[in-house]
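Just add 52 to wherever you are in the sequence shown, counting from 1, and you've got my numbering.
Ideal placement from N, C-alpha and C gives every residue a C-beta, glycine not left out.
Treat the numbers as computed from the prediction; the structure is a model and nothing was measured.
Here's the structure, in structure tokens; my notes come after.
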Amino acid sequence: MAEFEKLMKERRAIVQERCGVLNQKRRNDPAKEKWFLQKIGTKGVDYCPIFKAASSFTEAHFCPPYFDAKTCADIGATPWRSKRVDKAKAPAGTPKMMVVRNPFDRVLSAYRDKVQALKPTSPERKPVFEQVILPRRYVPFPLRDQKDKLFRDAIEKSKTLFKERGVSIYVKDSDNPYLNPASATFPEYIDNLLTFSWRDIHFAEMTDRCSPCKEDYTYILKTEEYGCEFPLLLNAIGAADIKIDDSKKSNVNSARKDSQYSDVFEYYGQLSDRTIDAFVDWFKTDCYYFDYDCEELACEIKEWKQRNKSGAD
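So, in structure tokens, the structure goes:
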């Protein structure tokens, strides 16, 4: 336990030191959202959720809904996220907590979950189509008049399908390039992120969302070490009796430490070197504050590309 407290102090000190280096000490922006996580009989923790960084797993272990609301007896609540945790203001002196994750791994997880894996009838597909796919697809025909006509027809047909079938527009249609492929590709998704045309809390910058220079977090856990650090956190806040749901632990990629960069090379290897550099620049404060060597990983991806001759330049 002493080692855990020492590690938390070290991470806190790194963040505060680097806030000073970047002259962010006087920032007045509070965290965008905080949840007061409390189990009956414990002091609880004031938690700023970073989505796609073990937020569901963290939330689920505090009542409600994971425990009976009256006794906090372990009932393994179903459904997995039936309610939100208590959003009441935490009492003065409550320790603050956030969980961070390597931006490369976190943004890829957001793409897989919030873009690639969406069901055809999901309402969440609408902004993906309108803001990510439509501006980035083109009609591959050489004649200008024909191209213009097909472009207009494709747009109008897509709008008609929206009206007729809601958001279930992802049907195979060789005349409409906006429907093939059905989902936004990873390069399209990253280009969207870097041009700010469609934003989502699941890939918002961690420093912007939780304002570590303002909030001064007592506990900064890393998703890559979460399987080990979360039980130690529970013990530190007086909630060691909370039973960790091992059946849900597989939802936290980093509970399996060796999966930290699972498929990162395959996906980011589709990007140009220039785009990879832009990605690192976009998340540079996240990488810097939370001690992730994003530049080294970017170099490894570029080397992987060269070996596999993938990605456009």
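Three-state class that DSSP yields for residue i in the structure shown
i, result
"L284", "helix"
"A307", "A caution first: A307 carries a pLDDT of 37, below 50, which makes its placement in the model unreliable, though a value can still be read off. In this structure, A307 counts as helix in the three-state DSSP scheme."
"K178", "helix"
"Q322", "coil"
"S161", "helix"
"M60", "helix"
"K366", "Missing from the structure shown is residue 366; the chain here goes from 53 to 365 and no further."
"M53", "coil"
"W356", "helix"
"R70", "helix"
"C351", "helix"
"H254", "helix"
"D293", "coil"
"A234", "coil"
"R153", "coil"
"K104", "coil"
"Y344", "coil"
"R189", "coil"
"D260", "helix"
"A65", "helix"
"A330", "helix"
"F114", "coil"
"K166", "helix"
"D81", "coil"
Counterpart residues of residue i in DSSP-defined beta bridges
i, result
"F88", "D98"
"K148", "D98"
The beta strand (DSSP E) enclosing residue i, as first and last residue numbers
i, result
"Y271", "271-274"
Same chain only: Cβ atoms within 7 Å of residue i, ignoring 5 sequence neighbours per side
i, result
"L59", "none"
"W250", "P179, Q183, V184, N244"
"A292", "L286"
"K86", "D98, Y99, C100"
"K95", "T146, I289, G290"
"W356", "F317, G321"
"V167", "V180, S235, A236, Y241"
"K354", "D325, I328"
For residue i, the first and last residue of its enclosing alpha helix (DSSP H)
i, result
"K141", "Segment: none, K141 is in no alpha helix (DSSP H) and carries neither H nor E."
"Y340", "336-341"
"Y241", "238-247"
"P264", "264-267"
Min CB distance residue i to chain D below 9 Å
i, result
"T327", "No chain D is present in this structure, which holds just one protein chain."
Sequence-distant residues of the same chain with beta carbon closer than 6 Å to residue i, five excluded per side
i, result
"G342", "What sits at residue 342 in the sequence shown is Phe, not Gly. Around F342: V152."
"V67", "P264, Y341"
"K84", "R261"
"D338", "P155, E257, M258, T259"
"T270", "P147, K148"
"A350", "I328, V332"
"I253", "F103"
"R188", "E240"
"F56", "L284"
"E281", "L273"
Sequence-distant residues of its chain with Cβ nearer than 8 Å to residue i (five each side left out)
i, result
"A105", "V151, V152, R153, R158, M258, T275"
"L246", "T327, A330, F331, W334"
"Y319", "L160, Y163, F238"
"M53", "L284, N287, A288"
At least 3 beta-carbon pairs within less than 8 Å: the segment 141-151 vs the segment 232-250: no
Using 8 Å as the Cβ pair cut-off and three pairs as the minimum, do the segment 105-113 and the segment 148-155 touch? yes
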